[in-house]
Amino acid sequence: MWKKRTAAQDYAIIVLGAFIMGFAIKNIYDPQGLVTGGVSGLAIILKEKAGLPLWITNMGINIPLFLLALKLRGWKFVKRVLVAEAALTLALAVLPEYPFLKDDLILTALFGGVFSGVGTGLMLLCHATTGGTDTMAALIHTKLKHYSINQILQVLDGLVVLAGASVFGVRYAFYAVIAVVVLAKVSDGIIEGTHFAKAAYIISDHKDEIAREIMDGMERGVTVMDARGAYTGERRDILLCVVSKKEMVEVKEIVLRTDPGAFVIVSDVREVLGEGFMEYRQ
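Right, dumping it as structure tokens:
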């Protein structure tokens, strides 16, 4: 069953994500001088050196990037970026400043990564970004197609982090790296979900008994795949079943009890959609 969000719901989620991101920038990163890349990092640097408010720098850099992206990529590419960027600029302008983690760099890196990861994940979930270096990387990619957008983005953000290190010190840059790692993990969790599963590939002479125990005892589906050994040329069936992490223990017990000589491969599954697992969402 597909559950499709409306455009209004998407834009509401984008605005929420932008405000969470704005909170992280204004109340966690900026008071400590933690520069994690992007236009927000440049804004923190310029506030320190020139006293410019965060929202002015954010808006000033993104407006020309937005206009250039509109010209080169069209309205469809930039409309959600515009909403996210406008919401982030508004958040930086109106949110009260309360540096509650001042003088604690490790908590700043951890909580900053969590909050900005949630904000980023919510926006990416709705196919939006806050512009900045993301848009810049996409535009540069149109001219340097032999480099991926991600490679270009890493270079741009790396330069911003280095600039931050020259202003606030190398020690702060190391904590910024921690924040970036936490951000990536949290945003990935929101986009892909945290409902990880396990897949078991089972080769056994007692495949029918194993399959029946898994289906009847665990109420999990089993797929039989036809395979052929490359060395012997012998045809064998492979059982495939996908279960939760907890259930994998029971699968291995069933195999061990039925055929101790079975060959079993267990692998991680990042996301499973369909009956018995997560519902389809769009």
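Here my numbering = 1-based position in the sequence shown + 154. We put the CB at the ideal spot given by N, CA and C, even for glycine.
Which of helix, strand or coil DSSP assigns to residue i
i, result
"residue 173", "helix"
"residue 236", "helix"
"residue 257", "coil"
"residue 302", "coil"
"residue 164", "helix"
"residue 252", "coil"
"residue 411", "helix"
"residue 159", "coil"
"residue 329", "helix"
"residue 282", "coil"
"residue 385", "coil"
"residue 318", "helix"
"residue 343", "helix"
8 Å contact criterion, which residue i and residue j should meet: CB distance rounded
i, j, result
"residue 181", "residue 286", "Between residue 286 and residue 181 the Cβ distance is about 19 Å, and since that is not below 8 Å, they are no contact."
"residue 172", "residue 277", "7 Å"
"residue 354", "residue 423", "Incorrect: roughly 10 Å between the Cβ atoms, too far for contact."
"residue 259", "residue 186", "6 Å"
Start-to-end residues for the beta strand (DSSP E) that takes in residue i
i, result
"residue 417", "417 to 423"
"residue 352", "351 to 357"
"residue 381", "377 to 382"
Nearest-angstrom Cα separation, counted from residue j out to residue i
i, j, result
"residue 234", "residue 412", "55 Å"
"residue 397", "residue 374", "7 Å"
"residue 223", "residue 307", "16 Å"
"residue 294", "residue 301", "9 Å"
"residue 335", "residue 279", "19 Å"
"residue 239", "residue 283", "8 Å"
"residue 329", "residue 256", "14 Å"
"residue 254", "residue 209", "20 Å"
"residue 361", "residue 382", "15 Å"
"residue 214", "residue 343", "32 Å"
"residue 271", "residue 340", "5 Å"
"residue 196", "residue 401", "48 Å"
"residue 264", "residue 372", "39 Å"
"residue 252", "residue 367", "58 Å"
"residue 156", "residue 236", "Here residue 156 scores only 43 on pLDDT, less than 50, and its place in the model should not be relied on; the value that follows carries that caveat. Each residue's alpha carbon lies about 28 Å from the other."
"residue 351", "residue 395", "10 Å"
"residue 229", "residue 319", "36 Å"
"residue 316", "residue 421", "38 Å"
"residue 163", "residue 399", "33 Å"
"residue 227", "residue 205", "34 Å"
Check whether residue i and residue j have beta carbons under 7 Å apart
i, j, result
"residue 135", "residue 376", "For the chain, the structure presents residues 155 to 436; residue 135 sits outside this window and is missing."
"residue 176", "residue 246", "yes"
"residue 202", "residue 321", "yes"
"residue 409", "residue 416", "yes"
"residue 337", "residue 267", "yes"
"residue 179", "residue 189", "no"
"residue 241", "residue 324", "no"
"residue 219", "residue 289", "yes"
"residue 345", "residue 275", "yes"
"residue 292", "residue 310", "no"
"residue 262", "residue 212", "no"
Host alpha helix (DSSP H) of residue i (start-end)
i, result
"residue 188", "Per DSSP, residue 188 belongs to no alpha helix (DSSP H) and is neither H nor E."
"residue 370", "361 to 371"
"residue 390", "No alpha helix (DSSP H) holds residue 390; the beta strand (DSSP E) holding it covers 389 to 398."
"residue 217", "208 to 227"
"residue 426", "Unbroken run through residue 426: none, as it is neither H nor E."
"residue 202", "192 to 204"
"residue 294", "287 to 295"
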